[in-house]
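Scroll down for the structure; my scribbles are underneath it.
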Amino acid sequence: MNEILLDKLVICNKCHSLHRKIKLKDAKTAYCDVCENTLYHSHKGMLKSALALSITTMIVFVIASSFAIVKIEMNGIWHDLTLPFVFVTLFKEEFFVVGLIVSFLIFIIPMVHILLYTTVMFFFYFKINKKVVGDLLIAIAKLKPWNMTEIFLISVLVALIKLIGYAQIELGISFWALVVFIILDIYLSKEIKLLDLWDLRDEIYHEKT
Ligand SMILES: [Zn+2]
């Protein structure tokens, strides 16, 4: 069976029956006629919501990394603990390896991940840079296993609980921004699958040519 023909087939992941893939006109979702499982969605309405969602996620990320995550009282003075401050302190205290791992896992990778996502959505929106979009989607796939924002939130919570024993703390605006960022980031990765983005790429640039 050649590749082009395979491209037009879709297998139901519940009952494993094979279906021919057709372009959805009015319907938003295609269901399996054997077991009624969802086969695939129409990507038409996806682009605008995905673009809005990725821009929102990026703004929330900027807020999360600009203000205090927690405020700590030490010797009567309140200190703001921001994300960059945590990294600088780790490096200053010569925890180079920990500093490097922490800044990559909880800052650089999530930032690059959301930046790539947003860039792809912009290119889709303006129907430009088909080749670059392909490269970016491959980069997103490679980055995915390293994007562990939920683990980050858990470590922040553990650190906070430990801190409560030593000092008086108050949650800062960035803490809540961080929670929102992680929820949005998880939603974005779970709701808009990479496979859907490849399909969307085909639809968008095919329409243009
Ligand atoms: Zn089925």
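Following this note's numbering, the numbering of the sequence shown begins with 43 at its first residue and continues without gaps.
The C-beta atom is built at its ideal place from N, Cα and C for all residues, glycine as well.
No experiment lies behind these values; they were computed from the predicted model shown.
Classified as buried, Ser-216 has 16 or more neighbouring CB atoms from the shown chains inside 10 Å of its CB.
For Thr-124, there is no enclosing beta strand (DSSP E), as DSSP marks it with neither H nor E. If one requires a minimum length of 4 residues, the alpha helix (DSSP H) runs lying completely within the region 205 to 241 are 215 to 233, in chain order.
Judged by the Cβ position, Lys-56 qualifies as a neighbour of ligand 1 at the 8 Å threshold, a heavy atom of the ligand being closer than this.
For the set His-83, Leu-89, Ser-197 and Asn-79, the Cα lying nearest the Cα of Thr-161 is the one of Leu-89. With a beta-carbon spacing of about 5 Å, His-83 and Thr-71 fall inside the 8 Å limit used to define contacts. Straight through space, the alpha carbons of Arg-62 and Leu-226 are spaced by roughly 34 Å. Inter-residue distance for Val-174 and Lys-184 is about 15 Å (C-alpha atoms, whole angstroms). According to DSSP, Leu-132 shares a beta bridge with no other residue. Ranked by Cα distance from Phe-165, the options Ile-193, Leu-242 and Val-221 are led by Leu-242.
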